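Here the structure comes first, spelled out in structure tokens, and everything after it is commentary.
There are 2 protein chains.
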Amino acid sequence: MAGLAPARHDEETGGRLLGIGAAAQRLGVSERALRYYQQIGLIVPASTTPGGLRRYSESDVARVERIVELKTLLGLNLDEIALVLRNEDRIAQIRLTYHDERTSEDERRQLTRECLALQEDLRATVEVKRAALDAFLADLNARISRARALLADHDH
Amino acid sequence: MAGLAPARHDEETGGRLLGIGAAAQRLGVSERALRYYQQIGLIVPASTTPGGLRRYSESDVARVERIVELKTLLGLNLDEIALVLRNEDRIAQIRLTYHDERTSEDERRQLTRECLALQEDLRATVEVKRAALDAFLADLNARISRARALLADHDH
DNA sequence: ACGGATCTTAACGTCAACGTCAGGTTTGGG
DNA sequence: CCCAAACCTGACGTTGACGTTAAGATCCGT
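If you read the protein sequences in the order shown, they are chains X and H.
Everything in the first sequence is counted per the numbering used here, starting at 1 for the first residue and increasing by one.
Everything in the second sequence is counted per the numbering used here, starting at 157 for the first residue and increasing by one.
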């Protein structure tokens, strides 16, 4: 089974669904943002009431948290985030298909390779960013050392 | 003597100045962006022709490179970038007037300390980002390892 | 079955960071 | 001196990611 993976299917949502207001508050984003994310296909609430009100599950919340992370941390725009999420959805689907009896050995290997390639692609871009950030930090530290030297010199 | 904002000593520009077109092409930004950066006070070209054409020095180019770096790498907006650059200009100016008789010891120490604080503040935010990025990478690597394990298992 | 909080869609507004003309000016090579 | 290329200054347009009403529907506790 999935260890810590959010492979939660909505059969297991246990009734603890959030309205859009509560979800927005917990996430620290606006209701408008949640509707907008849905509008552009980033997320669909786990269910809706017969009257049409959005109900968000915990995995929905986690998904939005990921959206925010990808946005603030990696600086991706919503189109790029859509790509990443689609990849991850694909991976989840592959994992499901993988355990299906009707899936052949060859198919499974193929799917796993595809999944691996997608993840490694993302890792490559992230590592480029990390390297650049390290260089930036090194430069910054050098500047700080020089300023410190100036100070120490003056305090003689 | 235009000693207002840009404290770069371009005595040694050796005539190798770039027009806005060449500068933009080398930097991979638009001419409009360069004019806009000037408009909001991020950069002033090293000189202008008597007719009013902008001429960019190598240090101007370097400055714009820094702007782009701060933008793409740290995700700062132009207002925040203005803050960082002004701080760095200040440090450069302090370094230049280091042996100026008219600056008192106390003044120098105060300025240096102030700049140091600002730099360390920037470093703090950058390091937070770096830590988050590392966590992100670790998670990604874990996912990749699991996928690899799946593959190896199947290749048995 | 009612009323107030919560939510709906639709539509227009906003802001940063430029893009894109239009119409006139400057420059550098021949 | 001439002219095409490069450049200038406004001024208005665009795009992404929402913010903000407006006018009405839905949910839920009593």
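The beta-carbon is built from N, C-alpha and C at its ideal position, and this holds for glycine as well.
Quantities reported herein were computed from a predicted structural model and do not represent experimental measurements.
Given that H:T268 touches chain X, what residues does it touch there, using C-beta distances under 8 Å? A147, L150, L151 and H154
When the Cα atoms are used, what is the spatial distance from H:Y254 to H:V224? 30 Å
So with Cβ pairs under 9 Å, would you call H:E236 a contact of chain X? It does not; no Cβ of chain X falls within 9 Å.
Tell me, please, whether the segment 261-275 of chain H touches the segment 44-55 of chain X by the rule of three or more beta-carbon pairs shorter than 8 Å. Under the 8 Å Cβ criterion, the segment 261-275 of chain H does not count as touching the segment 44-55 of chain X, having fewer than three qualifying pairs.
What number of angstroms, rounded off, separates the C-alpha of H:L234 from the C-alpha of H:R242? So the alpha carbons of these two residues sit roughly 12 Å apart.
Roughly how many angstroms lie between the CA atoms of X:A24 and H:Q249, to the nearest whole one? 47 Å
Option nearest H:L209 by Cα separation, candidates H:L239, H:A178 and H:L232: Considering only H:L239, H:A178 and H:L232, the residue with the shortest C-alpha distance to H:L209 is H:A178.
In whole angstroms, what is the alpha-carbon distance linking X:I91 and X:E114? 9 Å
Give me the Cα-Cα distance between H:R251 and H:S186, rounded to the nearest whole angstrom. 33 Å
Whole angstroms is fine: what's the gap from X:I144's alpha carbon to H:L239's? If you take the alpha carbons of X:I144 and H:L239, they lie about 17 Å apart.
Check each candidate in X:Y37, X:K129 and X:R148 and name the one with the smallest Cα separation from H:L229. Of the listed residues, the one whose Cα sits closest to H:L229 is X:K129.
Identity of the residues DSSP links to X:L18 by a beta bridge: X:Y56
Could you tell me which residues DSSP pairs with X:S145 in its beta bridges? In the DSSP output, where bridge partners are listed per residue, X:S145 has none listed.
In chain H, which residues lie less than 7 Å from X:Q144 when you measure between Cβ atoms? A small correction: the amino acid at residue 144 of chain X is Ile; Gln does not occupy that position in the sequence shown. The answer, in chain order, is L272, Q275, E276 and R279.
Can you check whether the C-beta of H:G208 is within less than 9 Å of a C-beta belonging to chain X? no
Expressed to the nearest angstrom, what Euclidean distance is found between the alpha-carbon atoms of H:A218 and H:L296? Going from the Cα of H:A218 to the Cα of H:L296 covers about 34 Å.
Between which two residues does the alpha helix (DSSP H) carrying X:T49 extend? First-last for X:T49: undefined, no H or E at that position.
In chain X, which residues lie with their C-beta within 7 Å of the C-beta of H:I223? Within chain X, no residue comes near H:I223; the closest Cβ sits about 13 Å away, beyond 7 Å.
Counting only Cβ pairs nearer than 9 Å, list the residues of chain X close to H:G175. The contacting residues do not exist; H:G175 stays about 29 Å from chain X at best.
At the 9 Å Cβ level, is X:A33 part of the contact set with chain H, yes or no? no
Beta carbon proximity, H:A218 to chain X, threshold 9 Å: no
Residue range of the unbroken alpha helix (DSSP H) whose run includes H:E244: L234 to L252
Under three-state DSSP, which class holds H:T268? helix
Quick check: X:L27 and X:L17, are their CB atoms within less than 9 Å of each other? For X:L27 and X:L17, no; Cβs fall outside 9 Å.
Quick one: grab the DSSP three-state call for X:T103. coil
If you follow the alpha helix (DSSP H) that X:L34 is in, where does it begin and where does it stop? E31 to Q39
For H:L267, collect the residues of the same chain with a Cβ closer than 8 Å to its Cβ; drop the 5 residues on either side in sequence, then sort them by chain order. R246 and I250.
Please look up how many angstroms separate the CB atoms of H:Y193 and H:V220, rounded, as I've assumed it's under 8 Å. 7 Å
Give me the chain X residues within the contact set of H:A202, using Cβ-Cβ distance strictly less than 7 Å, ordered along the chain. In chain order: nothing, as chain X lies at least about 22 Å away.
Burial state of X:A147 (16 or more Cβ within 10 Å): buried
I'd like to know whether the C-beta of X:G75 is nearer than 9 Å to at least one C-beta of chain H. yes
Under the three-state DSSP convention, the category H:I199 falls into: coil
Where X:E69 falls: helix, strand or coil (DSSP): helix
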